[in-house]
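In the numbering used here, the protein residues as written are 14 to 485.
Built from N, CA and C at the ideal position, the CB exists for glycine as well.
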């Protein structure tokens with residue numbers, strides 16, 4: 014008889030374990046997949062007899078997975094049963110329209126699983142094989158009962174798995190935790206029932222065979238005991254009656270045989286009770302952890318700022334930080350270090366989820382220069398009085414056009430930013446003229462100022478400022 018195979022597709026580990034235990038009780042070989050993509054990869058190499066598909070999963074959902082399975086001629090004939098918490102006639106109609114044979118709820122009972130397997134013709138072969146097995150056992154010689162394996166406890170879910178779900182909201186954690194204790198008890202009873210039934214049948218056959226052997230032995234020993242107990246007839250005495258055979262060995266054997274099921278069932282009951290108590294304690298701790306983490310999530314959600322407050326905070330932080338880069342005299346304003354600064358700023362804004370515009374403004378400082386218009390101008394010596402400067406200004410900046418103020422890599426970066434950020438960010442280039450960030454000396458202070466002091470102030474004013482403004 015070929016073993017039937019089932020594939021369970023669910024991102025919840027507890028749901029996969031519960032349904033697997035129920036299916037294995039019906040002698041089905043069970044495989045599992047955590048996502049629809051992993052299930053489709055599995056179906057390329059394997060052909061299960063039925064697929065139990067969850068609906069809400071990270072990535073491809075259950076409906077999309079059904080469409081992919083039914084559109085492939087190699088897998089279109091595999092029956093797919095939705096295994097989900099979704100319900101309602103509309104959902105069932107949608108699932109059947111896509112090719113699903115039905116919907117199995119997450120709070121499934123063993124009777125529901127049995128009914129589905131009968132509808133899919135996956136159980137008759139198993140029952141026939143089971144009947145043949147019992148017939149062959151009845152025909153064999155009596156033998157000692159096989160030891161029944163102790164029930165294995167269900168694997169406890171970790172807090173991370175309890176709160177996971179790529180697609181389930183955190184508010185469902187408490188409801189899922191409350192229902193899982195009942196599901197574990199149902200799965201445990203369902204897993205233990207077949208083993209107990211098989212053991213009881215084997216035990217009854219063993220008791221019957223033992224009683225038959227014991228009866229035959231007692232019957233064969235009775236004539237010999239009677240002959241040995243008969244006294245020799247004496248002429249002077251009347252023959253004495255034979256003593257009644259002792260029955261205590263038979264009673265002791267019957268009592269011992271009767272105690273065997275009681276002892277075995279007591280051991281199984283104590284083991285089951287201990288496993289259930291351990292599971293209950295584990296899930297109680299999990300529920301407490303889940304409640305604590307839910308409270309932390311609620312507190313974090315309440316403390317999280319709104320989008321407008323976040324954007325305003327980012328804008329204020331950037332503005333207050335005086336996000337500027339100084340430009341040495343004679344260099345193109347929007348190039349070199351200013352280009353790298355813009356790249357870093359854009360990357361930071363993208364990471365913070367900022368949406369809006371960045372304005373890059375260039376400003377010219379007025380330097381104390383010596384020279385003439387024919388031979389050119391240069392920075393004056395530091396000890397030269399300001400009043401002896403040939404020119405106070407910035408002839409290099411005056412000679413630049415708007416296009417010459419930025420290098421080609423800078424212009425390419427400005428053009429590519431909207432495409433890279435999906436129009437979430439843009440850059441605007443402006444020229445602010447000679448508006449100083451640091452005021453120049455005036456009045457009596459000017460007469461005492463040297464060219465070095467003046468040019469240090471001019472270097473602070475020869476700059477590029479970056480200002481980010483959030484989208485309205």
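Residue i vs residue j beta-carbon contact at 8 Å
i	j	result
residue 91	residue 111	no
residue 42	residue 17	yes
residue 63	residue 135	yes
residue 404	residue 392	no
residue 116	residue 108	yes
residue 421	residue 375	no
residue 398	residue 463	yes
residue 476	residue 337	yes
residue 67	residue 75	yes
residue 204	residue 369	no
residue 371	residue 481	yes
residue 263	residue 209	no
residue 438	residue 363	yes
residue 32	residue 96	yes
residue 24	residue 71	yes
residue 216	residue 274	yes
residue 103	residue 52	no
residue 373	residue 442	yes
residue 77	residue 49	yes
residue 396	residue 465	yes
Collapsed DSSP secondary structure at residue i in the structure displayed
i	result
residue 367	coil
residue 247	Confidence is the limiting factor: at residue 247 the pLDDT is only 46, short of 50, which leaves the residue's position unreliable, though a coordinate-based value still follows. Three-state result, residue 247: coil.
residue 124	helix
residue 387	coil
residue 90	coil
residue 272	helix
residue 99	coil
residue 115	strand
residue 36	helix
residue 71	coil
residue 354	helix
residue 277	helix
residue 153	Here the model assigns residue 153 a pLDDT of 44, short of 50, so the residue's position is not dependable, and the following value carries that caveat. Residue 153 falls in the coil class under three-state DSSP.
residue 296	helix
residue 420	coil
residue 55	helix
residue 408	helix
residue 283	helix
Alpha carbon of residue i to alpha carbon of residue j, nearest angstrom
i	j	result
residue 434	residue 424	16 Å
residue 28	residue 280	29 Å
residue 73	residue 65	15 Å
residue 447	residue 361	29 Å
residue 485	residue 430	19 Å
residue 54	residue 94	18 Å
residue 131	residue 225	40 Å
residue 150	residue 271	Confidence in residue 150 is poor, its pLDDT being 43 and thus under 50, which makes the residue's placement too unreliable to answer from.
residue 354	residue 459	35 Å
residue 456	residue 432	52 Å
residue 308	residue 99	26 Å
residue 452	residue 417	27 Å
residue 289	residue 34	16 Å
Exposed unless 16 or more other CB atoms sit within 10 angstroms - verdict on residue i
i	result
residue 561	Outside the shown range of the chain, which is 14 to 485, sits residue 561, and nothing can be said about it.
residue 82	buried
residue 294	exposed
residue 119	buried
residue 379	buried
residue 385	exposed
residue 11	Since the first residue of the chain shown is 14 and the last is 485, residue 11 is not available in this structure.
residue 419	buried
residue 330	Note on residue 330: pLDDT 46, under 50, position unreliable in the model; no value is reported.
residue 468	buried
residue 474	buried
Beta carbon proximity, residue i to chain D, threshold 8 Å
i	result
residue 284	Structure shown: chain D not included; a single protein chain is present.
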